[in-house]
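Some notes on the structure that comes next.
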Amino acid sequence: MRALMKPYAGPGLELRDIPEPTPDPGEVKIRVIRAGLCGTDLHIQDWDDWSASMLHPPMVIGHEFYGEIVEIGPGVTEGDGRDELHLGMRVSVEGHIVCGRCRNCRSGRRQMCIRTNSVGVNRDGAFADFVVVPAANVWAQSDLIDPDLGAVFDPLGNAVHTALQATLAGEDVLITGAGPIGIMAAAVARHAGARRVVVTDASPYRLTLATTVGVTRAVDIRTTSLAEVRRELGMVEGFDVAMEMSGSPAALVDIIDNCTHGANVALLGIPKGDFAIDWGKVITHMLTIRGVYGRKMFSTWYRMSFMLESSAELRDQVRSVITHRFAPEDWEEAFATARSGRCGKVIFEWSD
Ligand SMILES: [Zn+2]
Ligand SMILES: [Zn+2]
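Heads up: the sequence shown at position 48 corresponds to 762 in our numbering, and the numbers run straight through without jumps.
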């Protein structure tokens, strides 16, 4: 089968022909239909310090995908019941594989497992014709969810998990970073009843994309300050909720300066290094700042499925973040496009 791999320790990737995987006990084999390219994959291509510490090549990469179950391993409950798996089933997959034994896992906080393994990082991933994953990580999709939508459930889960950290109905929301996750979080905030949703970025391409999900204002932070935007919108006291999706230190400084007292701030964008913020302001403005990672297993999956099922508009908005499609053979162009910033979500079409 075709597989996009990290063949050895060091920068670069290769599309290789390798044997198809077989499911071990408790696993299923999935034919990959669509797979999304993510910032993580760019880090792996570069072989930065993080990937050098996490990956043991040779390794097939890729973790955001949708496909069809083609083989069921020993010990997996097979059938047509609501919580059973069967051949031909269309599925997305939670890419974090948790230990089930640590204190967080045993306390029902599986997204906080201290021994999380990741598909496409610590075990072979989904940039391939076939992938095997634990049956417990499979999320059955209804016919309402087409392959494109199914391929973005992983980043959509990040967006939903981050957005739902705070009450959104009737609140003013600031999102810094208009990448695919920022834009999906904006769509979710609108769906959940936010009053104003303001998105900032420094990429005109991404800001234009953000306007398609009906944000109140898409702000180019290089030319317009949030103070100006707040004045124009008549927001005297600042934002109630903020989501940092860019990893930019300046964005967090902006959030702290423009939120109201007692605001809820969730951080998903990962900064490159240490940086200083005005902790005095965090304390006297009584801000709650929370780091967010991954998705809840599986309450976030239920909530994103149910939100998409209840709204054709939200489905269209989430689909609109996909801007580029490539055949696996054109992976170099796909990675260059994702790196350019002139794109939303880039996806690979592995099969139909
Ligand atoms: Zn990802
Ligand atoms: Zn655990």
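Ideal Cβ positions, reconstructed from N, Cα and C, are used throughout, including at glycine.
Sequence-distant residues of its chain with Cβ nearer than 7 Å to residue i (five each side left out)
{"i": "H905", "result": "M1021, S1025 and L1028"}
{"i": "V1006", "result": "H875, T876, Q879, A980, L981 and L982"}
{"i": "P848", "result": "G740, E741 and I811"}
{"i": "E792", "result": "I786, E798, L799 and H800"}
{"i": "C827", "result": "V812, C813, C816, N818 and C819"}
{"i": "V790", "result": "G740, V742, L799 and A849"}
{"i": "R1053", "result": "L756"}
{"i": "S1034", "result": "T926 and V927"}
Euclidean distance between Cα positions of residue i and residue j
{"i": "S1013", "j": "C819", "result": "14 Å"}
{"i": "L801", "j": "D838", "result": "21 Å"}
{"i": "I997", "j": "W764", "result": "32 Å"}
{"i": "G976", "j": "I970", "result": "11 Å"}
{"i": "D794", "j": "M803", "result": "10 Å"}
{"i": "A990", "j": "A964", "result": "10 Å"}
{"i": "G907", "j": "I895", "result": "18 Å"}
{"i": "V846", "j": "E1046", "result": "25 Å"}
{"i": "L756", "j": "F1049", "result": "7 Å"}
{"i": "M768", "j": "N836", "result": "7 Å"}
{"i": "N978", "j": "G750", "result": "30 Å"}
{"i": "C816", "j": "K1010", "result": "16 Å"}
{"i": "R748", "j": "V852", "result": "15 Å"}
{"i": "A842", "j": "G1058", "result": "22 Å"}
{"i": "D862", "j": "A873", "result": "17 Å"}
{"i": "V807", "j": "P737", "result": "15 Å"}
{"i": "G871", "j": "G753", "result": "15 Å"}
{"i": "A717", "j": "R730", "result": "5 Å"}
{"i": "M1018", "j": "V1060", "result": "21 Å"}
{"i": "S960", "j": "L966", "result": "9 Å"}
{"i": "T1002", "j": "G994", "result": "13 Å"}
{"i": "F1040", "j": "W1015", "result": "27 Å"}
{"i": "P869", "j": "S832", "result": "14 Å"}
{"i": "L940", "j": "V929", "result": "15 Å"}
{"i": "E1043", "j": "F1062", "result": "9 Å"}
{"i": "E782", "j": "G822", "result": "29 Å"}
{"i": "H999", "j": "D988", "result": "22 Å"}
{"i": "R945", "j": "Y919", "result": "25 Å"}
Bridge partners - residue i, DSSP secondary structure assignment
{"i": "M957", "result": "I889 and A980"}
{"i": "D934", "result": "D915"}
{"i": "T1002", "result": "N978"}
{"i": "N831", "result": "I811"}
{"i": "L751", "result": "V1060"}
{"i": "A842", "result": "A717"}
{"i": "R837", "result": "V833"}
{"i": "D731", "result": "R716"}
{"i": "Y1007", "result": "Paired residue(s): none; Y1007 is not in a bridge."}
{"i": "M773", "result": "K720"}
{"i": "P848", "result": "E741"}
{"i": "V746", "result": "G781"}
{"i": "L799", "result": "E792"}
{"i": "I786", "result": "V742"}
{"i": "W853", "result": "S806"}
Beta-carbon gap between residue i and residue j smaller than 7 Å
{"i": "L921", "j": "A900", "result": "no"}
{"i": "I897", "j": "M957", "result": "no"}
{"i": "Q1031", "j": "V911", "result": "no"}
{"i": "V887", "j": "A903", "result": "yes"}
{"i": "A661", "j": "F779", "result": "This structure cannot settle anything about residue 661, because the visible part of the chain is limited to 715 through 1066."}
{"i": "V950", "j": "R931", "result": "no"}
{"i": "G834", "j": "I775", "result": "yes"}
{"i": "E885", "j": "D954", "result": "yes"}
{"i": "G952", "j": "T938", "result": "no"}
{"i": "L858", "j": "E1023", "result": "yes"}
{"i": "V746", "j": "W1064", "result": "yes"}
{"i": "S1008", "j": "Q759", "result": "Here residue 1008 turns out to be Gly, not Ser, going by the sequence shown. Their beta carbons are not under 7 Å apart, which means G1008 does not touch Q759 by this criterion."}
{"i": "G809", "j": "H777", "result": "yes"}
Contacts around residue i, its chain only, beta-carbon distance under 6 Å, and the 5 residues preceding and following it disregarded
{"i": "A850", "result": "none"}
{"i": "G1055", "result": "S917"}
{"i": "E728", "result": "M719 and P721"}
{"i": "R936", "result": "A916"}
{"i": "F867", "result": "S806"}
{"i": "W761", "result": "G724 and P725"}
{"i": "T1037", "result": "C1057 and G1058"}
Own chain partners of residue i with C-beta closer than 8 Å, once the 5 adjacent residues on each side are dropped
{"i": "S962", "result": "T890, G891, G983 and P985"}
{"i": "P772", "result": "M719, K720, P721 and Y722"}
{"i": "A924", "result": "A892, G896, I897, A900, V913, D915 and A932"}
{"i": "F844", "result": "M715, E734, P735, K743, I744, R745, V746 and V784"}
If you measure from each CB to the nearest heavy atom of ligand 1 and keep those under 6 Å, what residues do you get, in chain order? The answer, residue by residue, is C752, T754, H777, E778, D868 and P869.
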